[in-house]
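**Student:** Got a structure for you, questions after.
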Amino acid sequence: MCTPSPKCSVWNCNNLTCRSRFISRHDRYRTDQLMAITENHDFSVTVERDVPTEMRDGVLLRSDIYRPVGATTCPVLLCRTPYDKAQNTYIQIARALASNGYIAVVQDIRGRGISDGKYFWQFQNNAETFDAQDGYDTVEWAAGIPGSDGQVGTWGHSYPSWCIWRLAGTQPTALKALFASGMSARLLGLNFGIFETGRRLQWTYKMAVNARRRVGDESGPKTEEEADAQWHEVERGKWIWYLPLDDLPDYLFSTLTPLLKTYLREQDKEFWAFQKIHHKVNVPTCQLTGWYDRLVGTMDNFTGMVTEGPESLRNQHRLIIGPWGHNSNNLTRIQGPFDFGPDADTTYPQEVARWYDYSLKGIDNGIASEPPVKLFIMGENRWRFEHEWPLARTEYTEFFLHSGGSANTVRGDGVLSVSEPGNEPPDVFDYDPKDPVMSLMGIDAQAAPRDQSPLNGRQDILVYQTPPLQEDIEVTGPVVLKLWAASNTPDTDFTAKLIDVHPNGLAVNLTYGIMRARYRNGYENPSLIEPGQPYEYAIHLNPTGILFRRGHRIRLDVSSSDFPNFDRNHNTGADFWSDAELRVAHQTVFHNAEYPSRLILPVIPRS
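Following the working numbering, the numbering of the sequence shown begins with -9 at its first residue and continues without gaps.
See below:
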């Protein structure tokens, strides 16, 4: 029997019986976790469904209200979602919160589920949407429903947290605290200005289920579960490779197709920019994310609140970063090939209830005396409290890229070292968008820890790694690669992936970043490159928190594609959505005294 651990990865086990047994056991474990919190409750729960609320323009939005039986008055916790309030996830979380003495409200946002009105999605100009006004109106309504004590808080992961930040900037009088998770402060911090082909097409295909239903279209999958299955079994292999993307058939995404095709043209636009509203948010906040969360930029909402929020509240904000991915149903110890230990286990409703027990009910549960930042350090596999983010004691350390000109593949001669380079030959590779480096990711097209060995033999990946470490090194914080590179094309991409290599050879990704050459001077100033000219590219990888153990290696993979995590650069300089041509790019990576490519790691001194 294979069990997941840093030394044995069930995902790499060839025993299919073992794999299926583990996966089914893990699914039962996650379900049992959620069920346990609803069974070990103080209150039984009643549900009032499809309750209408009139917005200021007369549009009716509908909510399900979960109430604790026997409670007198209690706070209301609101979730506004585009994903159908009747989803099992929302039912379980709402019941768990109600059983802990809260009124939980789940609302279908405008134009989604069974709410009225026209849908405007999160990937367009905020001025065109109604989410801020609808959120304000719903908070004020929720404060006055039967059983409410007048206090309203929020919950909801990912898109629902986008809705939370939109309403928070309107300063509803009844909003007294905020819990948000899995939502970056900046859209460009998520997509790096590049279309997320795999995730965005799959996501839109699922969203189209409700879009079809609303216009009476009987074609296509009838549920999101059916959509997921059909996408993976039938549609994915057709559409992620489709060119040009602007010619995707209208039927594929129903009424969402025009929104998607408009968004294709606006990849370098910052539509979220929550940093612009942090100064308006006048309540305590708690943010939750994970190191493998694609939207780990959630932490920027915390830093924004403690630097730009009202001064009287700056010590009342909290940040939790666990070893998890983007799935709020899977805040568990088992992530990919790793068992992070029992301390990594929690559930979403547990974290929400703990925050509001403190911030709305005034219960002394320890939060008041805790430092504001709670981090899970992978490798060490324990939680640690900190007073700020990023950590003030960080020693940003440069690890220079070296080679004899043959860093291609894991068998190459690429080295990471704190020694500065001298006169070294560059490394070269060809990037063919017809044969991109494939993303190793979750079935939901989300980032996840994965063994990187399937990519070991690719000549278009440059590998730079340290010798086995002589002592532990902690790397916690933002990661940057300063890469000196040239291409023979007018535009291209360069990618970076930070990897932990175990003594037994297991190599697992930690974080990633990508730079489209035209955005090297910022998204506001795109410009093509001069073929053959070296440029310095500052590639910002997502933050991480890892203790590299003695005997492990720190590894950096450099390439030009990470597909379908990100769209392939066609290397032509043309607009990617209308261009069907694919050109091979010849890439050169420099690491010498004149062009010192280096990886800047946030090293934390160990006492």
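Backbone N, C-alpha and C define an ideal beta-carbon position, used for all residues, glycine too.
1. Considering only DSSP beta bridges, list what residue 190 is partnered with.
2. In terms of residue numbering, what span does the alpha helix (DSSP H) encompassing residue 110 cover?
3. At which residue ranges does the region 455 to 486 contain complete beta strand (DSSP E) runs of 3 or more residues, listed in the order of the chain?
4. Suppose you measure from the CA of residue 455 to the CA of residue 544; what does that come to, to the nearest Å?
5. With a CB to CB cut of under 6 Å and the five nearest residues on each side skipped, what residues in its chain are close to residue 237?
6. Could you check where the beta strand (DSSP E) with residue 58 kicks off and where it finishes?
7. What residues are listed by DSSP as bridge partners for residue 392?
8. When burial is assigned at 16 or more other CB atoms within 10 Å of the CB, is residue 518 buried or exposed?
9. Could you check how far apart the C-beta atoms of residue 170 and residue 277 are, in whole angstroms? I think they sit under 8 Å.
10. Grab me the residues of residue 447's own chain with a C-beta within less than 7 Å of its C-beta, minus the 5 sequence neighbours each way, in chain order.
11. State buried or exposed for residue 359, treating a residue as buried only when at least 16 other CB atoms are found within 10 Å of its CB.
12. Between the Cα of residue 429 and the Cα atoms of 329, 549, 172, 340, which residue gives the shortest distance?
13. On the three-state DSSP scale, how would you describe residue 368?
14. Write down the C-beta distance between residue 559 and residue 481 rounded to the nearest angstrom, noting that I regard them as a contact closer than 8 Å.
15. Just mark residue 528 as buried or exposed, buried being the case when its beta carbon has 16 or more other beta carbons within 10 Å.
16. At a cut-off of 7 Å, would you count residue 147 as near the ligand ATP, judging by its Cβ distance to the nearest heavy atom?
17. Should residue 509 and residue 183 be called a contact, given that it needs their Cβ atoms to be closer than 8 Å?
18. Measure from the alpha carbon of residue 44 to the alpha carbon of each residue in 65, 66, 130, then state which is nearest.
19. Is the region 468 to 479 touching the region 572 to 588, taking contact as three or more C-beta pairs under 8 Å?
20. Do residue 193 and residue 69 have their C-beta atoms closer together than 8 Å?
21. Taking the alpha carbon of residue 245 as the point to measure from, which residue in 117, 210, 419, 57 has its own alpha carbon closest?
22. Is the beta carbon of residue 590 less than 8 Å from the beta carbon of residue 388?
23. May I have a chain-ordered list of the alpha helix (DSSP H) segments no shorter than 4 residues that lie completely inside the region 132 to 212?
24. Quick one: using the 10 Å Cβ neighbour count with 16 as the cut-off for buried, is residue 439 buried or exposed?
25. Quick one: what does DSSP say residue 7 is sitting in, helix, strand or coil?
26. Please work out which residues of its chain come closer than 7 Å, Cβ to Cβ, to residue 568, disregarding the five sequence neighbours upstream and downstream, and give them in chain order.
27. With distances taken between CB atoms, is the gap from residue 33 to residue 89 smaller than 8 Å?
28. According to DSSP, simplified to helix, strand and coil, what is residue 577?
29. CB residue 62 to CB residue 96, shorter than 8 Å?
30. Let me confirm a value: residue 361 is counted as buried when at least 16 other C-beta atoms fall within 10 Å, else exposed. Which label applies?
31. For a test of the three-state rule: what should DSSP assign to residue 584, helix, strand or coil?
32. Nearest chain D C-beta to residue 334 closer than 8 Å, yes or no?
33. Looking at the unbroken alpha helix (DSSP H) that takes in residue 288, where does it start and where does it end?
34. For residue 373, name the three-state secondary structure that DSSP assigns.
35. Taking 8 Å as the threshold (C-beta atoms), are residue 175 and residue 421 in contact?
36. Less than 7 Å between C-beta atoms, sequence neighbours within five positions excluded: which residues of the same chain meet that for residue 18?
**Tutor:** On the basis of the supplied data:
1. In the sequence shown, counting from the first residue as 1, residue 190 sits at position 200. Paired residue(s): none; residue 190 is not in a bridge.
2. One-based indexing of the sequence shown puts residue 110 at position 120. From DSSP, residue 110 is part of no alpha helix (DSSP H); its letter is neither H nor E.
3. 463 to 477
4. For the purposes of this step, residue 455 is taken as residue 465 along the sequence shown, with counting starting at 1. For the purposes of this step, residue 544 is taken as residue 554 along the sequence shown, with counting starting at 1. Residue 455 and residue 544: Cα-Cα distance of roughly 5 Å.
5. Taking the first residue of the sequence shown as 1, we reach residue 237 at position 247. Within the same chain, residue 237 has no close Cβ partners at all.
6. Within the sequence shown, the letter at position 68 stands for residue 58. Looking at the DSSP string, the run of the beta strand (DSSP E) that includes residue 58 is 50 to 58.
7. What you label residue 392 is simply residue 402 of the sequence shown in a count that begins at 1. Residue 392 is bridged to 405.
8. The residue given as residue 518 occupies position 528 in the sequence shown. Residue 518 should be labelled exposed.
9. Here the question's residue 170 lines up with position 180 in the sequence shown. Here the question's residue 277 lines up with position 287 in the sequence shown. Confirmed, about 6 Å.
10. By 1-based counting over the sequence shown, the position of residue 447 is 457. Cβ neighbours of residue 447 beyond the five flanking positions: 399.
11. Counted from its first residue, the sequence shown places residue 359 at position 369. The residue in question, residue 359, is exposed, as its Cβ has fewer than 16 Cβ neighbours within 10 Å.
12. Position 439 of the sequence shown, counted from the first residue, corresponds to residue 429. Among 329, 549, 172, 340, the Cα nearest to that of residue 429 is on 549.
13. Residue numbering aside, residue 368 sits at position 378 when the sequence shown is read from its first letter. If DSSP states are grouped into helix, strand and coil, residue 368 belongs with the strands.
14. The residue labelled residue 559 in the question sits at position 569 within the sequence shown. The residue labelled residue 481 in the question sits at position 491 within the sequence shown. That belief holds up - the Cβ atoms of residue 559 and residue 481 are roughly 6 Å apart, short of 8 Å.
15. Taking the sequence shown and counting its residues from 1, one reaches residue 528 at position 538. Classification of residue 528: exposed, given that the 10 Å Cβ count is below 16.
16. Judged by which ligands are present, the structure shown has none, so any question about the ligand ATP falls away.
17. Counting from 1 along the sequence shown, the entry for residue 509 is found at position 519. Counting from 1 along the sequence shown, the entry for residue 183 is found at position 193. In this structure, residue 183 lies closer than 8 Å to residue 509 by Cβ.
18. By 1-based counting over the sequence shown, the position of residue 44 is 54. Nearest option by C-alpha distance: 130.
19. yes
20. Start at 1 with the first residue of the sequence shown, and residue 193 comes out as number 203. Start at 1 with the first residue of the sequence shown, and residue 69 comes out as number 79. No; because the gap between Cβ atoms is not below 8 Å, this pair is not in contact.
21. Reading the sequence shown from its first residue, position 255 is the one you call residue 245. Of the candidates 117, 210, 419, 57, the one whose C-alpha sits nearest the C-alpha of residue 245 is 210.
22. What you label residue 590 is simply residue 600 of the sequence shown in a count that begins at 1. What you label residue 388 is simply residue 398 of the sequence shown in a count that begins at 1. Yes, Cβ-Cβ distance for residue 590 and residue 388 is below 8 Å.
23. 149 to 158, 178 to 181, 187 to 204
24. One-based indexing of the sequence shown puts residue 439 at position 449. Buried, by the Cβ-count rule.
25. Locating residue 7 in the sequence shown gives position 17, counting from the first residue. Only weak support is given to the placement of residue 7: the predicted model assigns it a pLDDT of 31, under 50, and the value that follows is read from those uncertain coordinates. Three-state result, residue 7: helix.
26. Within the sequence shown, residue 568 is the residue found at index 578, counting from 1. Excluding residues within five positions, the ones whose Cβ falls inside 7 Å are 234, 236.
27. Sequence index remark: in the sequence shown, residue 33 carries index 43 (1-based). Sequence index remark: in the sequence shown, residue 89 carries index 99 (1-based). In this structure, residue 89 lies closer than 8 Å to residue 33 by Cβ.
28. To locate residue 577, count along the sequence shown from 1; it is residue 587. Looking at residue 577 - three-state DSSP - the assignment turns out to be strand.
29. Here residue 62 refers to the residue found at position 72 when the sequence shown is read from its first residue. Here residue 96 refers to the residue found at position 106 when the sequence shown is read from its first residue. Cβ atoms of residue 62 and residue 96: not closer than 8 Å.
30. The residue labelled residue 361 in the question sits at position 371 within the sequence shown. Exposed is the call here.
31. Working through the sequence shown from its first residue, we reach residue 584 at position 594. It is coil, neither helix nor strand.
32. Absent from the structure: chain D. Only one protein chain is present.
33. The sequence position of residue 288 within the sequence shown is 298, counting from 1. Where residue 288 is concerned, the enclosing alpha helix (DSSP H) stretches over 288 to 298.
34. On the sequence shown, position 383 is the one that residue 373 refers to. Of the three classes helix, strand and coil, the one that applies to residue 373 here is strand, per DSSP.
35. Position 431 of the sequence shown holds residue 421. Position 185 of the sequence shown holds residue 175. Against a cut-off of 8 Å, the Cβ pair of residue 175 and residue 421 comes out as no contact.
36. For this step, residue 18 is matched to residue 28 along the sequence shown. The predicted position of residue 18 is uncertain, since its pLDDT is 40 and thus under 50; no value can be drawn from it.
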